[in-house]
Amino acid sequence: MSVESATAIQRNQVDLLDFVDWSGVECLNQNSSHSLVNALKQGYREDEGLHLESDADEQLLIYIPFTQVIKLHSFLMKGPEDEAGPKTVKLFANKEHMGFSNVSDFPPSDSAVLSLDNLKGKPFTVKYVKFQSVRSLTIFIEDNQCGGDVTKVQKIVLYGTTVETTDMKALKKIEDH
1 MSVESATAIQ
11 RNQVDLLDFV
21 DWSGVECLNQ
31 NSSHSLVNAL
41 KQGYREDEGL
51 HLESDADEQL
61 LIYIPFTQVI
71 KLHSFLMKGP
81 EDEAGPKTVK
91 LFANKEHMGF
101 SNVSDFPPSD
111 SAVLSLDNLK
121 GKPFTVKYVK
131 FQSVRSLTIF
141 IEDNQCGGDV
151 TKVQKIVLYG
161 TTVETTDMKA
171 LKKIEDH
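Just so you know, we're using the UniProt record's numbering here: the sequence shown kicks off at 1 and counts up by one.
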């Protein structure tokens, strides 16, 4: 078990990968040969040879919807420790249809400046109160460690819990007697 997994499990947090709605996941400005799947999907993200890479410049905009409402506790964003690793990361809870043209119009729910420890696998704890009822998460990687044109992300893990909800479709009408 990796250090980041052990830390998250101790806090009763789980990897939220099983709750990602893959049909709606998007990543803007990704290099088609180095897509988001490489950093986010189980099996791919553990392969050191695979990574997500930006295309036209250093910025990446990732949209992740969930199949259930979740509470986000922390995230791990592993990247190369050189200049290509992500640096400034802004998180937006429940903000849909964001693009590079309007991402600066909204205040982030939280932001992080990733350290070398973070890039090696240390999770970043978010402002938990801002992520209590999350249906989707937008991640804006604003820049990288040295301001170069290419950002590389090797692994993204979201830690948290699901919110217990009632499936209204499963309820049955009680007949009057």
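Using N, Cα and C, we set each Cβ at its ideal position, and we do this for glycine too.
Query: Residues of its chain near Phe66, where Cβ-Cβ distance is below 8 Å and the 5 sequence neighbours each way are ignored; Result: Leu16, Phe19, Val20, Asp21, Val134, Arg135, Ser136 and Leu137
Query: Check whether Glu45 and Ile141 have beta carbons under 8 Å apart; Result: One point to set straight first is that residue 45 is Arg, not Glu, in the sequence displayed. The answer is no: Cβ separation not under 8 Å.
Query: Residue from Asn31, Phe75, Pro80 and Leu60 with nearest C-alpha to Glu48; Result: Pro80
Query: Range covered by the alpha helix (DSSP H) that runs through Asp18; Result: From DSSP, Asp18 is part of no alpha helix (DSSP H); its letter is neither H nor E.
Query: Cβ-Cβ distance between Leu61 and Leu91 below 8 Å; Result: no
Query: Separation of Lys152 from Asn12, as counted between CA atoms; Result: 30 Å
Query: Cβ-based burial, Phe109 [other Cβ within 10 Å; buried from 16]; Result: Looking at the sequence itself, residue 109 is Ser, so the reference to Phe does not match. So Ser109 counts as buried.
Query: Own chain residues within Cβ distance below 7 Å of Ile9, not counting five before or after; Result: For Ile9, the predicted structure reports a pLDDT of 47, less than 50, and the residue's modelled location is therefore unreliable. A value from the coordinates is still provided. Taken in chain order, the list of residues that qualify is empty.
Query: Asn102, buried or exposed, once every other Cβ within 10 Å from all chains shown has been counted against 16; Result: exposed
Query: Status (buried if at least 16 other CB within 10 Å, exposed otherwise) for Ser74; Result: buried
Query: Presumed contact (8 Å Cβ cut-off) between Gln145 and Lys78, rounded CB distance; Result: Wrong, their Cβ atoms sit about 13 Å apart, outside the cutoff.
Query: Cβ separation of Leu76 and Gly121, assumed to be a contact under 8 Å, to the nearest whole Å; Result: 6 Å
Query: Rounded C-alpha distance that separates Thr162 from Ile70; Result: 4 Å
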